[in-house]
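Q: Reading the sequence shown from the start, the letters are residues 4 to 120 in our numbering.
All residues carry an ideal CB built from backbone N, CA and C; glycine is no exception.
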Amino acid sequence: MVDVFPPEATDQIRVQLSGSLVAVFSQTLCRRQNPSEGQFGRVMAQEILINTPATANLIREGKTAQLYSQIQTGGEQGMQTLEKALANLVLNGDVSRAEAMGKASKPGELQRLIGEI
């Protein structure tokens, strides 16, 4: 998002964004696994980033590549990776592994979570 501004303005934009952002929600819809059991339609998997002081600092410093690990460790603040949400759907029997793998940004991480939980 910061890249759409002129290079000389990016530092100021990052400061403004880090101060005004509350949260970021990203979602994808997955096909339910068991339509024969009356479970039709789709179910949502959601990635959640909350703007904590640590998150704001990463944004301000332009370290956006580290935001994923911030989400991974921010469960107590209500954060959740897409892979964690997908793993929960698979383990609850709502979504097939194949469907979840097709939606995952990091399939290796999803596989690890499915095997671990």
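As an exercise, report each continuous alpha helix (DSSP H) stretch of at least 4 residues that is fully enclosed by the stretch 52-88, in chain order.
A: 56-63, 70-76
Q: For Leu32, write down the residues that DSSP places opposite it in a beta bridge.
A: Indexing the sequence shown from 1 puts residue 32 at position 29. BP columns for Leu32 point to Met47.
Q: Find the nearest neighbour of Leu32 within the set Gly44, Ser23, Ser21, Glu40, judged by alpha-carbon distance.
A: Translated into the one-based positions of the sequence shown, residue 32 becomes position 29. Selected option, being the one with the closest Cα: Gly44.
Q: So Ala88 and Ile117 are supposed to be a Cβ contact under 8 Å. How far apart are they, rounded?
A: Position 85 of the sequence shown, counted from the start, is the residue given in the question as residue 88. Position 114 of the sequence shown, counted from the start, is the residue given in the question as residue 117. The distance from the Cβ of Ala88 to that of Ile117 is about 12 Å, inconsistent with a contact at the 8 Å cut-off.
Q: Between Arg17 and Asp6, what straight-line distance do the alpha-carbon atoms span, to the nearest angstrom?
A: Walking along the sequence shown from the start, residue 17 turns up at place 14. Walking along the sequence shown from the start, residue 6 turns up at place 3. Approximately 10 Å, taken between the alpha carbons.
Q: My understanding is that Gln49 touches Ser29, with C-beta atoms under 8 Å, so please give their C-beta distance in whole angstroms.
A: Translated into the one-based positions of the sequence shown, residue 49 becomes position 46. Translated into the one-based positions of the sequence shown, residue 29 becomes position 26. Confirmed, about 7 Å.
Q: On a Cα-Cα basis, can you pick out the residue from Gly111, Val93, Glu112 that is closest to Ala103?
A: Position 100 of the sequence shown, counted from the first residue, corresponds to residue 103. The shortest Cα separation from Ala103 among Gly111, Val93, Glu112 belongs to Val93.
Q: Taking Cβ to Cβ, would you say Ala107 is nearer than 8 Å to Glu86?
A: By 1-based counting over the sequence shown, the position of residue 107 is 104. By 1-based counting over the sequence shown, the position of residue 86 is 83. For Ala107 and Glu86, yes; Cβs fall inside 8 Å.
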